[in-house]
Each structure stands twice: as structure tokens, then as C-alpha cells.
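Accompanying notes for the structure given below.
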Amino acid sequence: MTAPTPQDQPQRDHLVSALVRDEPRVLTRITSLFGRRGYNIKSLSVGSTEHPGVSRMTFVVTGDRGVVEQAMRQLEKLHDVVRIIDHSLEKYVDRELVLVKVAITPESRVEVRQIAEDFRARIVDVGRHALTFEVTGDEGKITAFIEQMRPFGILETMRTGRIALTRGSNADIPSHVYHGGETETLRPVVESVEPREERARGVPNLF
Amino acid sequence: MTQGDMTGAKALWATLVGHGITTVFGYPGGAIMPVYDALTFYPEMRHVLARHEQGAIHAAEGWAKATGEIGVCLATSGPGATNLVTGLADAMMDSVPLLAITGNVARHLMGTDAFQEADITGITLPITKHNYVVRDVEELPQVIAEAIRIARSGRPGPVLVDIPKDIQLAPYHGEIARPHARPEAPDPAPEAIARAHELLRGAKKPVIMVGGGALDAAADITALARAWDIPVITTLMGLGVFPASDPLWLGMPGMHGSVAANRAISEADVLLGIGLRFDDRVTGRVNGFAPNAAIIHVELDAAEIGKIVRTHVPVRGDAGAAARLLAEGAQKLELPEWQAQVEEWKSRTAQPDHWGAAYGVQAVVERLRPDDILSSDVGQHQMLAAQLARFEKPRRWLNSGGLGTMGFGFPAAIGAALAEPGVRSVVIAGDGGFQMTAQELATLKMYDIRNVKICIINNSYLGMVRQWQEMFHERRYSEVWLGDSNPDFLKLADAYDVPGYRASSAEELPAAIDAWLSDPKSALLEVVVPHEHAVFPMVPAGAALSEMIESEPPRAPTPGTRKNAAAEEANNA
Ligand SMILES: Cc1ncc(C[n+]2csc(CCOP(=O)(O)OP(=O)(O)O)c2C)c(N)n1
């Protein structure tokens, strides 16, 4: 009758987004929670959202389903966390941006450029002995690109970490919210978050 | 007072007063002096000066644990703030609603390693439910109101608000924030209740287990258990949720739990857990916990469901609401075999019959009245008190369950005594733990608090550690002997005008207890007991509940192997 141990289930990557209040120390609060409980964050990207006062973080966490679910529930308890979205429960689009610096020689130059073209990678810097490419795409495409370039000699890479959004042609197709079980739209929840500057105003008087 | 006089510090007090807060525990210092200055304008607010910030925060915890209302404490920056750390961690573990307010250096000095600066919000990040630095005076009342709401809502916990000194001094022009309504707990899902009903109806060996999350649902849980006729186990944190006088009560589970509770868990086919988090001191080895049971877990905090034990029916919601729904349509289960089995286990509860710590604790707790509050420190005396006391009501038992904080018991009893001046607030402490916050005797004297009764079980050892050394380290007693260096506790009490009594034998004990309890003032009783005494039953760490050792095994005399010859000699004497 024990909780599932990591051996019981396959370890895999889980893609999760958190909508959080845009306040000091939010990132520390979240990463320290992960650290304390021994969950490793494989990638993390943070940016602002269309709603003032709300930022969006996207994580990749590795572990079995039980471990990741526990991590999400712990996150959900933080006051700064407005909503958790588990992308594995929905259809989503995800992207990652990577910069790759590849060594070139006069002989390999043409071949390297040809492969890059096949991947729609853009050249962002040209040197005598190296080309730097920018590639965007899902994880598979980026991994494939790096594998293709590896034989030529990869000098440096930098990846942004994955970002994701729920699929849907209309803005009103909601994201699947982690805990609630059934799908609900995010908008009313997010709108209840007041931007910091506005919080002090309009406090009702009791005395 | 006109708006023109308002400062951040006054706005703080006005907000606290507006939230119905009547008492705060604290200790002043440079970075919070404007707040202490503003206090003089609020005579309706009682400030209790402790002798150490740890005393102040445990007193605030005692207040909160006894009443269920939020406890408030105050400290200055740097060392004042860091002295709150233990209490914050304690409140976090035991879900105590607490507001800690700290002063800090002025904003322009923050982050410069200024005198008495500490990054207290950084330090307390993992041990608070939430924390704030107030960076704009116009935000201050709203932040306090929000902090109080967060501390009290959902699973309660500690919230810290750090206020830079310049913000305390800044003129304040806004309104005073009013209390937020407490958010309603989610209603348990009907399907979950239906599945739980089904399991209960088919149960042959059911048991209910309740924890500290059910403290405010005692009446509903009692009705539920009686309606189905299911035996009830109360965890260390849940003692008092179910009346001990009810024949259905089986005692406490876990490491020092009762035979009946631990055996019933090991045999049960359905275990209904309400408001508890399956702490490892309760479960023993997790894969040996309730090995045959389908587990129904009622819990407000979703993160606790499935965290430690596999849950067959998760019921998310308020304990009281869930208990009421589960009691609906209940029919008494007719399970004579299970009842007979449980009765047999219950009969194995031994009453202490020879002089020792258990005898002393038993004599004290059997004199408690149902309204009395019993606060304990941490150690053998705590486990004995938990085993032997008979609580009829919730919120009469204060102790540090999750963190196991020595030094908690006495200041917590002071907090409870101030919250309920008409009630006796009895402390049971060890000679070790009492000395961690003994300076709070001064608080008794300063406020002429008359309803605190301190009992020190003096075994001259750090008893619980000694017990482990005895059982698991071949009696190598390493750094646990206190006997030669303990103060004369009666003289110590006398130094603070607290009357003291002593008993060193079973014969002396009744008269000493009478004199101690009938003293019109707060008083101290020292019960001098034999040095070596172990608490049983015991489930060794890492063992399953079914591997419980029921009573003390016969002991082969082992010669002292470690430097503590003094202790050995004392033992052999
Ligand atoms: C602050 C703190 N330090 C250390 C411990 C470890 N510890 C647990 S029980 C115990 C012994 C307590 O001795 P005493 O207060 O004399 O009580 P007894 O066990 O003898 O009843 C110790 C040292 C603790 N729980 N808390």
C-alpha cells in the first residue's frame, strides 16, 4: 500500500506550465521547493504574459507520474502560483530556441549550410572557422539538428528551454488546468490577480 | 487620531486591532522601534514581553493551538528575526496559524550587510506558508490583511511580514484594511463519498484514524464513528478529537502508539484517515503500514493525498463536512469478532505500577480536568503524556508534533494560559527541554500569570536520546547525562518568585501534586525519577507497526564503555 516508488513507473519528461504572480522571489520560491524535495528541473523558461502581474513559467521535470504529480500539487499550494497547467493532459504546441556554433573547414562549409537549410536553421553569425545557427522547433527537431551537426564539430550550444501553449485556433479554447480535473478557462483566475502597483489602492475602510 | 498622524507603524497596529487581535508576543530592538513606539498609542493591544524570541513565538503558537485563532509575534531584524526560525518551522509542520512581524533595516540599507541585517524572508522561505517584504507603506495594511488570510485559510500555517524601518516611520495616507472573509473549503466530491460509503459498508475490520487537521471537526467525527460503530485512533496531533472515555477509542498510533492502535492498523481491511498526513512516526515502515487495508483519505490539502501512502479513495475537503456526509445513511456494522479482537488488544495497556517517569506522568495527568490544557515538551515525558492522558475534548493538548522542538512546552503553555485565563495550563517537561526556554519564568512573574503549572520529570538524562542509545547503540551513553549540572529547579523557580514543590518517591507524590495544583499562583513541581526508564510500546525506527515491541525486554547488564563514567556510577548507585 505504498506510494509508487520511482522504480514502479517509467521516468520521463513532463512539460508543465505555471502561471505565477510577478513578485520578487517567485523564482526562488519555486526552484527551492523543487530542490528541497529532490525534483530536478531539466529546463525552465520564464516570461511575462498578456496579463499584467502574471508571469508564465514552463518547466520540464523528469520523473514518474507520481513524482511529478506530487511536485505539481506542492507548487499549487504556493500563494504566488495562480494555476498549474500539465501539458500532458492536453494537445499543445511547444518550441525551443537553440544557438549552435559549428566548426567548419573549406571542405565542409557547403555541406553544413545545406543541412542547416533543410532544418530551416538561420545563420546568425559567420566566422572563418565557425558558423552559428539559430534553430527553433520542438525537441525532436532540435535534437536531430544537433545530431546532424555533431560530426562536423559542435563548439558551443545554448538552448532556451521549452515553452508551450495549448493548441486551439481561437483564444477561447482553454488550457487544461492541472488540478481541477475538468477543463476550465484560465481567464477569470488570472484576472483576479492584481498587479502590484494597483494592490495598494481601493482598500475598503472599516473604521 | 487624525489621518495626518498615521505612520506605517500605527497602520500596522490599527490593522491588527481591526482584525480582532488582542495580544501579541514579542521582543523589541532597533529595527522595530517605531512599531514599539506606536504601540503606546494602542492601549487596547496587549504586548507580552518574552525573554527570548523563541519564547515569544512558541507562546504565540500555544495561543493558536489552544484557541484555533491566529497567534501573533514580533521581533526585530537580524538576531531577533533569526530567533524566530525554530518557531516558524514548528508552526509550518503543525499547521499553526501564525503571523510573525519582523522589523528590518531601512530600504536603502537592505542588501548592504548593514548592522543587524538578515535576509529573513530568504531564510524563512521554506518554513513559512508565505512571506513578504513590505516595500511601500501604502501597501502595509493590505499586506497584513492578506498575510492573516493566508495564515488562516486552507491548511493553516505561519506567514512572516518583514517591514523595513523607514516604512514603519513613513506617513500613511490610505485606509486601514479590513479582514478578508475566510474562503470556504471545497465540498467533498459526491462520487468520492459514495465510494467511501461502499467500502465502509463492506468492511469487516474497519478503523478510523484522525489527525490534527480534524481538531475542529470533533463532534462530527464522534457522530460518524458512533453511527457506524467503528473504532477510532487519534494521532499525536489529533488527541482529543475523539473522547478518550468512549469505548471505541483505541489510543494513539505509531512509534510509541498503543498496542490496540498499531495492531488494528496492521489488521484493518478499511482505514478511514481524516485530517492527517501519515507522518513517518505514525506509519513506521511505509510498506508495512496497513498492508491489508483499502485507504480512504479525507484531507483539505491535496498535496497530502497520496504523498506517503497509496490512497484508494481520496476525499478532498473539510474534515467536518466530509464526516457529516460519511455519517449520512450509516448503519451500525455488526462485527462481533473484530470488536472482541480490539478489546483484547486494548486490555494489553499496562498501567505504570512502579516508581518512574511513567508513574509520575500518570499521577499528574489523572488529576487533569477536561478543560485543563496539557502542554508538553519533547522527549520521553511527551510520549508518556500522550499515552497516558485521557483527553475528552480537542485543543486541550499542545505539543510540537512535526518538528519535535525541545523548549516548546513551557512558552506554549504561557500563550495558552493568557488566551484562557480561567483554565489551568499544565506543562510536562523534561529536565533537558525545560532548560531551553526556562528564562520564560520571568514572563510568568512580569505579568503575574497564575494559571501555569509546570511539572518537570527529572531523570537527569536527555532521556529519549538515552533510550535510543540503550536500545540501538549498545548502551554507549554519549553526551546525554545532565545530572551533575542540572540546577536546583526549585531554587531556579524561587529566583522568579514561582513556588516550587518536589517529589522523589511514590509516597511523596500525591501530597506534592496537591500542594502544587492548589497553589494560588503558577507553580513548579519537580518529580525526581530513576535515571533509566524507557518508553514502551515502541516501534523501532524503520520497522513496521506490526513489529512493535510491547514491553521492556529483560536487560543484560552492560559495563560502561564510554567516557561518561559519572553517569554510569550514578546509574549503578
Ligand atoms: C531543539 C532540540 N534539540 C534536540 C532534540 C533531540 N532530542 C529529542 S528528545 C531529547 C531528549 C529530551 O530530554 P529531556 O528534555 O530531559 O526529556 P526526557 O526525554 O528525559 O523526558 C533530545 C535531545 C530535539 N528534539 N529538539
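So the sequences go chain by chain: A and B. Read left to right, the first sequence gives residues 1 to 207 (full-length UniProt numbering). Read left to right, the second sequence gives residues 1 to 573 (full-length UniProt numbering). C-beta: ideal position from N, C-alpha, C; glycine also. Keep in mind the model is a prediction, meaning the values are calculated, not measured.
Looking only at C-alpha atoms, which of the options sits nearest to residue i?
{"i": "residue 487 (chain B)", "options": "B:508, B:542, B:458", "result": "B:458"}
{"i": "residue 280 (chain B)", "options": "B:50, B:255, B:249, B:440", "result": "B:255"}
{"i": "residue 164 (chain A)", "options": "A:110, A:94, A:139, A:141", "result": "A:94"}
{"i": "residue 471 (chain B)", "options": "B:26, B:430, B:549", "result": "B:549"}
{"i": "residue 523 (chain B)", "options": "B:423, B:401, B:515", "result": "B:515"}
{"i": "residue 400 (chain B)", "options": "B:413, B:390, B:389", "result": "B:413"}
{"i": "residue 259 (chain B)", "options": "B:409, B:341, B:203, B:215", "result": "B:341"}
{"i": "residue 319 (chain B)", "options": "B:532, B:186, B:463, B:247", "result": "B:186"}
{"i": "residue 211 (chain B)", "options": "B:408, B:397, B:531", "result": "B:397"}
{"i": "residue 194 (chain B)", "options": "B:77, B:416, B:324, B:437", "result": "B:324"}
Quick one: residues in its chain with C-beta nearer than 6 angstroms to the C-beta of residue i, no 5 flanking neighbours on either side, listed in chain order?
{"i": "residue 428 (chain B)", "result": "376, 381, 385, 455"}
{"i": "residue 204 (chain A)", "result": "Residue placement at residue 204 (chain A) is flagged as unreliable, the pLDDT there being 34, under the threshold of 50; the coordinate-derived value follows with that caveat. Cβ within range, chain order: n/a, list empty."}
{"i": "residue 16 (chain B)", "result": "none"}
{"i": "residue 26 (chain A)", "result": "20, 80"}
{"i": "residue 509 (chain B)", "result": "363, 503"}
{"i": "residue 120 (chain B)", "result": "81, 102, 162"}
Given the structure, does residue i come close to ligand 1, in the sense that its CB is under 8 angstroms from one of the ligand's heavy atoms?
{"i": "residue 363 (chain B)", "result": "no"}
{"i": "residue 459 (chain B)", "result": "yes"}
{"i": "residue 579 (chain B)", "result": "The displayed coordinates of chain B run from 1 to 573. Any statement about residue 579 (chain B) would go beyond what the structure contains."}
{"i": "residue 382 (chain B)", "result": "yes"}
{"i": "residue 216 (chain B)", "result": "no"}
{"i": "residue 377 (chain B)", "result": "yes"}
{"i": "residue 462 (chain B)", "result": "yes"}
{"i": "residue 86 (chain B)", "result": "yes"}
{"i": "residue 465 (chain B)", "result": "yes"}
{"i": "residue 405 (chain B)", "result": "yes"}
{"i": "residue 357 (chain B)", "result": "yes"}
{"i": "residue 92 (chain B)", "result": "no"}
{"i": "residue 161 (chain A)", "result": "no"}
{"i": "residue 482 (chain B)", "result": "yes"}
{"i": "residue 536 (chain B)", "result": "no"}
{"i": "residue 471 (chain B)", "result": "no"}
{"i": "residue 59 (chain A)", "result": "no"}
{"i": "residue 436 (chain B)", "result": "yes"}
{"i": "residue 80 (chain B)", "result": "no"}
{"i": "residue 432 (chain B)", "result": "yes"}
Suppose the cutoff is 7 angstroms on Cβ atoms and the five residues either side in sequence are ignored; what does the same chain contact list for residue i look like?
{"i": "residue 542 (chain B)", "result": "285"}
{"i": "residue 87 (chain B)", "result": "54, 57, 58, 61"}
{"i": "residue 228 (chain B)", "result": "200, 330, 332, 333"}
{"i": "residue 42 (chain B)", "result": "13, 17"}
{"i": "residue 552 (chain B)", "result": "534, 536"}
{"i": "residue 347 (chain B)", "result": "none"}
{"i": "residue 546 (chain B)", "result": "266, 288"}
{"i": "residue 192 (chain B)", "result": "313, 314, 315"}
{"i": "residue 383 (chain B)", "result": "256, 535"}
Excluding the 5 residues preceding and the 5 following residue i in the sequence, name in chain order all residues of the same chain whose CB lies nearer than 8 angstroms to its CB.
{"i": "residue 392 (chain B)", "result": "240, 243, 244, 245, 370"}
{"i": "residue 112 (chain A)", "result": "102, 104, 131, 149, 152"}
{"i": "residue 294 (chain B)", "result": "199, 269, 270, 271, 312, 313"}
{"i": "residue 178 (chain A)", "result": "Interpretation of residue 178 (chain A) is limited by its pLDDT of 40, a score under 50 that renders its predicted location unreliable; the figure taken from the coordinates is listed afterwards. Within the same chain, residue 178 (chain A) has close Cβ partners 16, 72, 76, 83, 84, 85, 86, 89."}
{"i": "residue 447 (chain B)", "result": "48, 418"}
Buried or exposed for residue i, please, with buried defined as at least 16 other CB atoms from any protein chain shown within 10 angstroms of its CB.
{"i": "residue 309 (chain B)", "result": "buried"}
{"i": "residue 182 (chain B)", "result": "exposed"}
{"i": "residue 176 (chain A)", "result": "For residue 176 (chain A), the predicted structure reports a pLDDT of 42, less than 50, and the residue's modelled location is therefore unreliable. The matter cannot be settled from this model."}
{"i": "residue 219 (chain B)", "result": "exposed"}
{"i": "residue 475 (chain B)", "result": "buried"}
{"i": "residue 158 (chain A)", "result": "exposed"}
{"i": "residue 354 (chain B)", "result": "exposed"}
{"i": "residue 277 (chain B)", "result": "buried"}
{"i": "residue 9 (chain B)", "result": "buried"}
{"i": "residue 65 (chain B)", "result": "buried"}
{"i": "residue 491 (chain B)", "result": "exposed"}
{"i": "residue 262 (chain B)", "result": "buried"}
{"i": "residue 168 (chain B)", "result": "buried"}
{"i": "residue 143 (chain A)", "result": "exposed"}
key: Cβ contact (3+ pairs, closer than 8 angstroms) linking the region 143 to 156 of chain B and the region 106 to 124 of chain B   = Contact fails: fewer than three Cβ-Cβ distances are below 8 angstroms.
query = On the three-pair Cβ rule with 8 angstroms, is the region 152 to 171 of chain B touching the region 100 to 108 of chain B?
reply = Contact annotation: the region 152 to 171 of chain B touches the region 100 to 108 of chain B, with at least three C-beta pairs closer than 8 angstroms.
key: Contact between the region 88 to 98 of chain B and the region 437 to 451 of chain B (3+ Cβ pairs under 8 angstroms)   = Not touching, per the Cβ criterion.
ask   = Does the region 18 to 32 of chain B come within contact of the region 61 to 75 of chain B, defined as at least 3 CB pairs closer than 8 angstroms?
value = These segments touch.
query = Is there contact between the region 201 to 208 of chain B and the region 231 to 239 of chain B, where contact requires at least three CB pairs shorter than 8 angstroms?
reply = At 8 angstroms Cβ cutoff, the stretches touch.
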